[in-house]
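Have a look at the structure below before the remarks.
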Amino acid sequence: MRVAIIGAGISGLALAYYLQKLGVRYDLFESEPEVGGLIKSAKKGAYQLELGPHSLHMNEELQELLQELKLEDEIIRPATKTQDRYIKKDGSYHRLPASPRKLILDSFFHWRTKLQITQEANIPAQEVPEETVSNFFRRRFGQEVVDYLVDPLVAGHFAGDPEKLLLEKTFPHLKELERAHGSVLRGLDLEQELPQKPVFSLLQGLQTLPNAIASKLISLHVDHKVEMIHRAKGKYLLSIEHDVEGLADEEFDAVVIALPAHAAAELLDFTTPGLAAALHNVNYVPMAVVQTAYRKHSVGFPLDGLGALHPQKEQPFSMGTFWSSSSFPRICPDDEVLFTSFVGGGAAAENACLPEAEVLLRVHEELKENYAISANLPVFQHLHHWPQALPQADMFITDVHQLAQLMEQEQLYACANWISGPAVPDCVRYAKQLAQKIYSQRASLQ
Numbered sequence: 001m002r003v004a005i006i007g008a009g010i011s012g013l014a015l016a017y018y019l020q021k022l023g024v025r026y027d028l029f030e031s032e033p034e035v036g037g038l039i040k041s042a043k044k045g046a047y048q049l050e051l052g053p054h055s056l057h058m059n060e061e062l063q064e065l066l067q068e069l070k071l072e073d074e075i076i077r078p079a080t081k082t083q084d085r086y087i088k089k090d091g092s093y094h095r096l097p098a099s100p101r102k103l104i105l106d107s108f109f110h111w112r113t114k115l116q117i118t119q120e121a122n123i124p125a126q127e128v129p130e131e132t133v134s135n136f137f138r139r140r141f142g143q144e145v146v147d148y149l150v151d152p153l154v155a156g157h158f159a160g161d162p163e164k165l166l167l168e169k170t171f172p173h174l175k176e177l178e179r180a181h182g183s184v185l186r187g188l189d190l191e192q193e194l195p196q197k198p199v200f201s202l203l204q205g206l207q208t209l210p211n212a213i214a215s216k217l218i219s220l221h222v223d224h225k226v227e228m229i230h231r232a233k234g235k236y237l238l239s240i241e242h243d244v245e246g247l248a249d250e251e252f253d254a255v256v257i258a259l260p261a262h263a264a265a266e267l268l269d270f271t272t273p274g275l276a277a278a279l280h281n282v283n284y285v286p287m288a289v290v291q292t293a294y295r296k297h298s299v300g301f302p303l304d305g306l307g308a309l310h311p312q313k314e315q316p317f318s319m320g321t322f323w324s325s326s327s328f329p330r331i332c333p334d335d336e337v338l339f340t341s342f343v344g345g346g347a348a349a350e351n352a353c354l355p356e357a358e359v360l361l362r363v364h365e366e367l368k369e370n371y372a373i374s375a376n377l378p379v380f381q382h383l384h385h386w387p388q389a390l391p392q393a394d395m396f397i398t399d400v401h402q403l404a405q406l407m408e409q410e411q412l413y414a415c416a417n418w419i420s421g422p423a424v425p426d427c428v429r430y431a432k433q434l435a436q437k438i439y440s441q442r443a444s445l446q
């Protein structure tokens, strides 16, 4: 059995790694000279910058992978005593309560909202086709919960607009609680409380992870752009740009697409036009990642926690800011503070598309106001623009998922964040499960 994997972001890399462990022959093709996709780190003078994800949540698969790659000594945990996050409300930052029960006791919400939260168990369960995240929380908890809790959390995790994202594709567990118990809060009370997943980074930047996986792979081909996929007599052939090894002459039993949806659509236009058409409809949001540094003495706000999120109700410029150097102090000079701000996303995409100088200035002005910064200018600023940052699990994603599942009967698979979910741990878990699925089918494809 031989498998072609197209795309060496974290999903394609992890899949190749797990197939290699299982003894399945594969070839991993990447059109760029560098692997890692959205996981990108950069060293700019004294600053260690994350241009994609600013940190990762540990899960079982990631922990195992880091151990196997011998990266345990590279792991750095947040230096802050707490992993608290803050939300801006009425112009000020408020610590986000850690549980539904604390939300009821805290002064964060108006008393009418807290009363509605206490009565959530009395609201009948409903089956709403293609229900959005906002609609689900609005009918069960009220508009203030949508505005000041759901909106910023969805923006922080998915860079998305909760008025458009589907509940079943983003928070399916909450829908299952409503179905099983008639109430989200009753269901949460009956479940065993899960420990909080710890946040971490890596000493030389998160790009260490994809680079470490790539170093273990025996059949990785960078600078190899796959231009077309052909299927004949139950086998797949690839048209490959710069094919010096003659890999276009090889037959593959299965193909895995590990590309962004728009790139996958162009590649599949000829092979599977139905899936390609659905992939063309997948919405991506633009995002700008802005790092800004100031001298410590000029920052008048206690940065005790991971960062702050900005509800659209507050009319912010950025979706939120990660207090990078509070969590990982080694990433900038000792006498400085480094912030990472995220601009754009589903609800304010136009902000990410402004001229770079304007984005940098407006981020500085927002930081100055939010954190009582006395400096007129930052000592350092850097911007990285992602024109198509993250796929959105909106009404168009359902067809994509259904068609992708059907194509597995033809040994054409998908392994990308538009099917696994946007978080890196989800991508790694999905890749491991897919490797097992492909391995289990090897006998029928010999």
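Note that full-length UniProt numbering has the sequence shown beginning at 1, numbered continuously upward.
Glycine included, C-beta positions come from ideal geometry on N, C-alpha and C.
This one's a predicted model, so the numbers in the text were calculated from it and none came from an experiment.
How long is the line joining the alpha carbons of THR82 and GLY305, rounded to whole angstroms?
Counting from 1 along the sequence shown, the entry for residue 82 is found at position 82. Counting from 1 along the sequence shown, the entry for residue 305 is found at position 305. Taking the straight line joining both Cα atoms gives about 5 Å.
Considering only the alpha carbon of each residue, which of VAL359, PRO387, SER325 lies closest to THR80?
In the sequence shown, residue 80 corresponds to position 80, counting from 1. For the residues VAL359, PRO387, SER325, the minimum Cα distance to THR80 belongs to SER325.
What three-state label does DSSP hand LEU360 in the structure shown?
Walking along the sequence shown from the start, residue 360 turns up at place 360. Note: LEU360 maps to helix in three-state DSSP.
Rounded to whole angstroms, what's the CA-CA distance from ASN370 to MET228? Just pull it up for me.
Working through the sequence shown from its first residue, we reach residue 370 at position 370. Working through the sequence shown from its first residue, we reach residue 228 at position 228. Near 50 Å, if we compare the C-alpha coordinates of MET228 and ASN370.
According to DSSP, simplified to helix, strand and coil, what is TRP386?
Looking up residue 386 in the sequence shown gives position 386. Looking at TRP386 - three-state DSSP - the assignment turns out to be strand.
Should the region 244–253 be called in touch with the region 216–235, which here means at least 3 C-beta pairs below 8 Å?
yes
Does the region 377–384 come into contact with the region 291–309, if we say contact requires no fewer than three beta-carbon pairs (one atom in each stretch) closer than 8 Å?
yes
Near ASP161, which residues of its chain fall below 7 Å by C-beta distance, leaving aside the five closest residues on each side in sequence?
The count along the sequence shown starts at 1 and reaches residue 161 at position 161. Here the set comprises GLY346, ALA347.
Any 3 or more C-beta pairs closer than 8 Å across the region 213–221 and the region 38–58
no
Run through the region 196–260 for me and flag every whole alpha helix (DSSP H) of 4 or more residues, listed as ranges in chain order.
208–216
Spatial neighbours of LEU110 in its chain, beta-carbon cut-off 7 Å, leaving aside the 5 residues before and after:
As a first step, residue 110 must be located in the sequence shown, where it is residue number 110. It should be pointed out that residue 110 corresponds to His in this sequence rather than to Leu. The residues are GLU144.
Is ARG140 buried or exposed, if buried means 16 or more other CB atoms sit within 10 Å of its CB?
For the purposes of this step, residue 140 is taken as residue 140 along the sequence shown, with counting starting at 1. ARG140 should be labelled buried.
Alpha-carbon spacing of VAL154 relative to PHE137, whole angstroms:
Taking the first residue of the sequence shown as position 1, residue 154 is located at position 154. Taking the first residue of the sequence shown as position 1, residue 137 is located at position 137. When rounded, the distance between both Cα atoms is 12 Å.
Do ASP253 and VAL35 have their C-beta atoms within less than 8 Å of each other?
Position 253 of the sequence shown, counting from 1, holds the residue named residue 253. Position 35 of the sequence shown, counting from 1, holds the residue named residue 35. Against a cut-off of 8 Å, the Cβ pair of VAL35 and ASP253 comes out as no contact.
By DSSP, does HIS54 sit in helix, in strand, or in coil?
As a first step, residue 54 must be located in the sequence shown, where it is residue number 54. In the structure shown, HIS54 sits in coil (DSSP, three-state: anything other than H, G, I, E or B).
At the level of alpha carbons, what is the spacing between VAL363 and ARG25?
Indexing the sequence shown from 1 puts residue 363 at position 363. Indexing the sequence shown from 1 puts residue 25 at position 25. Cα to Cα, the separation comes out at about 48 Å.
Let's test the definition: count the other Cβ atoms within 10 Å of the Cβ of HIS54 and tell me whether it reaches 16, buried, or not, exposed.
The residue given as residue 54 occupies position 54 in the sequence shown. Buried, because 16 or more other Cβ atoms sit within 10 Å of the Cβ of HIS54.
For PHE137, the first and last residue of its enclosing alpha helix (DSSP H):
The count along the sequence shown starts at 1 and reaches residue 137 at position 137. 133–141 is the span of the alpha helix (DSSP H), which, as asked, contains PHE137.
Does the Cβ-Cβ distance between CYS415 and LEU15 come in under 8 Å?
Position 415 of the sequence shown, counted from the first residue, corresponds to residue 415. Position 15 of the sequence shown, counted from the first residue, corresponds to residue 15. Yes. Within cutoff.
Under the rule that 16 or more other beta-carbon atoms within 10 Å means buried, what is GLN204, buried or exposed?
As a working note, residue 204 is residue 204 in the sequence shown. Per the 10 Å Cβ criterion, exposed.
Is the number of C-beta pairs between the region 59–78 and the region 112–120 that are closer than 8 Å three or more?
no
Rounded distance between the beta-carbons of GLU366 and SER327, thought under 8 Å
Position 327 of the sequence shown, counting from 1, holds the residue named residue 327. Position 366 of the sequence shown, counting from 1, holds the residue named residue 366. About 20 Å separates the two Cβ atoms, so there is no contact after all.
Would you be able to state if there are at least three C-beta pairs under 8 Å between the region 327–340 and the region 121–137?
no
Applying the criterion that 16 or more other CB atoms from any shown protein chain within 10 Å of the CB defines a buried residue, is THR272 buried or exposed?
Taking the first residue of the sequence shown as position 1, residue 272 is located at position 272. Label assigned to THR272: buried.
Would you mind giving the Cβ-Cβ distance between ALA423 and MET287, rounded to the nearest angstrom? I have them listed as a contact below 8 Å.
Numbered from 1 along the sequence shown, position 423 holds the residue referred to as residue 423. Numbered from 1 along the sequence shown, position 287 holds the residue referred to as residue 287. That belief does not hold up - the Cβ atoms of ALA423 and MET287 are roughly 15 Å apart, past 8 Å.
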